[in-house]
Amino acid sequence: MHAYFKDMAGTVTMRIIDPWATKVVNLGVLLLWHYIHFIVNVCYFLLGLSGAIKSYLISTGVLRKYRALDLGKLRYLAVVIDSVEARQTEKVIELLQWLAKMGVRRACFYDPEGVLERSKDVILRKLNFISLLEDSTDDASPAYEKKLILEVASKSDGKEAVARAANLLLVKYLKSKSSSEDKEENFFTEECMTEALKAVGCRGPEPDLLLVYGPARCHLGFPAWRLRYTEVVHMGPLKSMKYGALISAIYKYTLVRQNYGK
Amino acid sequence: MNVDGTSYDQGLYGSLCESMRKCIFKVLSVGPIPVHVAFIMDGNRRYAMKHRLSEGDGHKAGFMNLCHILRHCYDMGVKYVTVYAFSIDNFKRRPEEVQGLMELMVESITKLLEAESIVEKYGIRLYFIGNLKLLHKDVRETAEKAMKVTADNKRVVLLVCVAYTSWDEMANSMDKSCEEKLDEVRKGGGIQGNGEVIPRGVRVEDIERNMYMSVAPEPDVMIRTSGETRLSNFLLWQTGKTALHCPRALWPDLGLWDVVWGVVNYQRSYSYLRDQLHK
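Residue numbers (this note's numbering), protein chains in the order written: chain A, 380 to 641; chain B, 179 to 457.
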């Protein structure tokens, strides 16, 4: 049996209203959906396989163009790790060793739940070439220059930090003016905000590149104020991270050209 | 293609494509469909260069494709679509290009409000999001008129970000949140302490409520065209749990398959993203 219906755009369409026929059609649609997702999974598996081969070739130096990385453009690197995966401290340590080996000198490691903040003492004990951003000085000695300056951040450095910065500005405003007076329009400008965020402890710069280790390509609430023109690259799960894939991501970043809206 | 988002080809081939499109949406609807999809419409100028067109024609092709993409999204069951049409940083472009874009915006909004347009067919409510004071007067007035005329539309929503950057949105929201707290003190509210009244602290919820984008839920999927992987100062606050998708197609070339691929990828990571939302 058939009936005619109007869809959202007002087009008349025919639909089957026989209950058995509807069941059969729905079953067919369900199978088709699972089949499509199966095919997509196979495609991603094959892509992963080719990525692993490429990564192997890069790390062994067979692919020459990846041998000499120009890290001059990469002033600040951010790494976002899913909080469950961030519990694999050994993997995090290995990743930091790779970054140091490649010549990365400044990096921010972020996970939403603060797992990395809790394990940073263990990391610091194991890796003597790391210095925390909050302890960093203007020391220009060759020994210090070889260190990797690390910032560790979590959700509390994101939206909550913006609220803290707003309160700081509010207090500052109240100190400078009587609250009974009308507030000047746009007292809280972007420049004021940046200063206030630095004052509440968010003094890290905007990363040039953000690598996401986790199940989805998603920045997981990395401090929004610092993401304006950051390239976001999904690296897959931390447990299957590859040195060659890291080099490839950084190499691709060095080829990106940005015009900042102009 | 027409401004209502339909194809010019209404013959047998057109009907076949239409049936195919509906079948695809029916199959996709077995899984979760995103409630809100955001687009960074990048690549109009590169499209013009590739096809040896003027810049203006590239932007016009971009607008025509917007109608096309909106039709796909709404037919699929998406309720909110947000597009990044013009950034505050775009004011740094050549004055002739900025002027051309402003004229195109007025022309496009006017077309959208005409009878038989996609807005009427789908019952779209229009919002123009951003620091509208920065726009040329005629664009601002046309945008305000469009919001007023479509205010009673309830079915689906289109949010057009113009004169927008996420930095500006955040600073503006903080400004409004602080203003609210000062207002409380002026009205005798606030916290009593040491013989004086001080404002209550600004909370994250206050800032979120005062965002321009507070009229819509956070996006489930963000699609940036041209294969670029940055957010370019767009919805930085709202995309913490959003699946990012960067097809290589330039915006005027973005088609049904790119949108479908974005949704399939969203469905693959849906359970993870849903868990993140509840954390």
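The beta carbon of each residue, even a glycine, is placed where N, CA and C say it ideally should be.
Note that the coordinates shown come from a computational prediction; the quantities given were computed from them, not determined experimentally.
As a beta-bridge residue in DSSP terms, B:Tyr-342 pairs with B:Ser-265. If you draw a 10 Å sphere on the C-beta of B:Glu-347, you find 16 or more other C-beta atoms in it, and that means buried.
Shown here for B:Asp-253: same chain residues with a beta carbon closer than 8 Å to its own, the five before and five after excluded, namely Arg-199, Lys-200 and Phe-203 in chain order.
Around B:Gln-454, the beta-carbon contacts reaching into chain A at under 9 Å are Asp-461, Pro-491, Ala-595, Cys-597, Leu-599 and Gly-600. Between the alpha carbons of A:Arg-466 and A:Leu-495 lies a gap of roughly 8 Å. Residues of the stretch 567 to 587 of chain A that bring their beta carbon within less than 7 Å of a beta carbon in chain B comprise Phe-567, Thr-568, Glu-569 and Met-572, in sequence order. Rounded to whole angstroms, B:Arg-381 and A:His-413 show a C-alpha spacing of 44 Å. C-alpha of A:Tyr-608 to C-alpha of A:Glu-569: approximately 16 Å in a straight line. The criterion of a C-beta distance shorter than 8 Å is not satisfied by A:Leu-478 and B:Cys-356. The distance from the Cβ of B:Leu-337 to that of B:Thr-260 is about 4 Å, consistent with a contact at the 8 Å cut-off. With a threshold of 8 Å between beta carbons, B:Val-205 makes contact with chain A. Going by C-alpha positions, B:Gly-301 is about 15 Å away from B:His-250. For A:Ala-532, the enclosing beta strand (DSSP E) covers residues 527 to 532. In chain order, Tyr-258 and Arg-303 place their CB closer than 6 Å to the CB of B:Val-335, counting only its own chain and leaving out the 5 sequence neighbours on each side.
Among the residues of chain B, those whose CB is under 7 Å from the CB of A:Ala-545 are Met-352, Ser-355, Cys-356, Val-380 and Ile-385, following chain order. At a cut-off of 8 Å, the C-beta of A:Leu-411 has a neighbouring C-beta in chain B. Residue pairing from DSSP leaves A:His-598 without any beta-bridge partner. B:Tyr-450 has a beta carbon lying within less than 8 Å of a beta carbon in chain A. The C-beta of A:Met-620 has 16 or more other C-beta atoms within 10 Å across all chains shown, which makes the residue buried.
Contact with chain B is absent for A:Ala-532, since none of that chain's Cβ atoms lies less than 8 Å from the residue's Cβ. Restricted to the stretch 399 to 439 of chain A, not a single beta strand (DSSP E) segment is unbroken, complete and at least 3 residues in length. Under the 8 Å criterion on CB atoms, B:Asp-436 is classed as non-interfacial with respect to chain A.
For A:Arg-504, the enclosing alpha helix (DSSP H) begins and ends at 494 to 505. Per DSSP, B:Thr-320 has no beta bridge partner at all. In the DSSP assignment, A:Ala-457 falls within the unbroken beta strand (DSSP E) covering 456 to 460. Here A:Gly-537 is buried. Its C-beta has 16 or more other C-beta atoms within 10 Å. Counting only runs of at least 3 residues, the stretch 191 to 266 of chain B fully encloses the following beta strand (DSSP E) elements, listed from N- to C-terminal order: 214 to 218 and 258 to 265. Note on the stretch 353 to 441 of chain B: whole beta strand (DSSP E) runs with a minimum of 3 residues are 369 to 371, 374 to 376, 399 to 402 and 421 to 423, in chain order. Contact with chain B is found for A:Lys-538, since one of that chain's Cβ atoms lies less than 8 Å from the residue's Cβ. Distances from the CA of B:Arg-333 to each of B:Val-297, B:Asp-361, B:Lys-326 and B:Gly-308 were compared; the closest alpha carbon is that of B:Val-297.
In terms of CA proximity to B:Glu-396, B:Phe-412 leads the group B:Leu-432, B:Phe-412, B:Glu-319 and B:Met-242.
With respect to the C-alpha of B:Thr-417, the residue from A:Ile-629, A:Ala-595 and A:Val-458 having the closest C-alpha is A:Ala-595. Cα atoms of B:Arg-378 and A:Glu-492: separation of roughly 27 Å, rounded to the nearest angstrom. Contact note: B:Ala-349 reaches chain A through Phe-567, Thr-568, Glu-569 and Met-572, using a C-beta cutoff of 7 Å and chain order.
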